[in-house]
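Numbering (the working numbering), first residue to last: 39 to 158. For each residue, glycine too, the CB sits at the ideal point set by N, CA and C. Nothing here was measured: the structure is a model prediction, and the numbers come from that model.
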């Protein structure tokens, strides 16, 4: 998978925008203003693509135990975020998309009903 495929996948989700709120290197995807995916572009350009994704804390631990390519979120809350190392090739493209879906859903789940209703 390349970053353009992942970018397109994220942008097709309802209510999603992309932004560079931290610096010119970190591409951030938000659903209704809340982050669900962060891509360090310099790493992708260097052939070491990865993404930070939000995750249910229990599922995060399960994923980290089962996959070398899933680690505690770099520069994020270790309980709620994973760094998914795509460049290692351990994870199937389908599984990576499922992890993006999970992150998106986790963010929506914590929103007030009024905001969630905007995505219907």
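Query raised in the report: If we ignore side chains and look at the alpha-carbon of each, how far apart do residue 52 and residue 70 end up?
Result: In the chain shown, counting from the first residue as 1, residue 52 sits at position 14. In the chain shown, counting from the first residue as 1, residue 70 sits at position 32. Each residue's alpha carbon lies about 9 Å from the other.
Requested in this report: Return the Cβ separation of residue 90 and residue 130 in integer angstroms, given the expectation that the two are a contact with Cβ distance under 8 Å.
Outcome: As a working mapping, residue 90 is identified with position 52 in the chain shown. As a working mapping, residue 130 is identified with position 92 in the chain shown. Wrong, their Cβ atoms sit about 19 Å apart, outside the cutoff.
**Report entry** Backbone CA spacing between residue 117 and residue 96 [nearest angstrom]
**Finding:** Sequence index remark: in the chain shown, residue 117 carries index 79 (1-based). Sequence index remark: in the chain shown, residue 96 carries index 58 (1-based). So the alpha carbons of these two residues sit roughly 9 Å apart.
Query raised in the report: Secondary structure at residue 82, three-state DSSP: helix, strand or coil?
Result: One-based indexing of the chain shown puts residue 82 at position 44. Looking at residue 82 - three-state DSSP - the assignment turns out to be helix.
Query raised in the report: What is the DSSP secondary structure of residue 115, counted as helix, strand or coil?
Result: As a working note, residue 115 is residue 77 in the chain shown. DSSP places residue 115 in coil when its eight states are reduced to three.
Query raised in the report: Is the beta carbon of residue 48 less than 8 Å from the beta carbon of residue 60?
Result: Here residue 48 refers to the residue found at position 10 of the chain shown. Here residue 60 refers to the residue found at position 22 of the chain shown. Result no, Cβ atoms of residue 48 and residue 60 do not sit closer than 8 Å.
Requested in this report: Answer with buried or exposed for residue 98, where buried requires no fewer than 16 other C-beta atoms within 10 angstroms of its C-beta.
Outcome: Stepping through the chain shown from its first residue, residue 98 is reached at position 60. Residue 98 should be labelled buried.
Query raised in the report: Going along the chain, which residues of its own chain have a beta-carbon closer than 6 Å to the beta-carbon of residue 72, five neighbours each way excluded?
Result: Reading the chain shown from its first residue, position 34 is the one you call residue 72. If we look at residue 72 and ignore the five residues flanking it on each side, its Cβ neighbours are 145.
Query raised in the report: Taking Cβ positions only, does residue 55 come closer than 8 Å to chain D?
Result: In the displayed structure, chain D is absent; only one protein chain is listed.
Query raised in the report: Does the separation of the CB atoms of residue 147 and residue 119 fall below 8 Å?
Result: As a first step, residue 147 is located in the chain shown; it is residue number 109 there, counting from the start. As a first step, residue 119 is located in the chain shown; it is residue number 81 there, counting from the start. Result no, Cβ atoms of residue 147 and residue 119 do not sit closer than 8 Å.
Query raised in the report: Name the DSSP beta bridge partners of residue 107, please?
Result: Working through the chain shown from its first residue, we reach residue 107 at position 69. In DSSP, residue 107 forms no bridge with anything.
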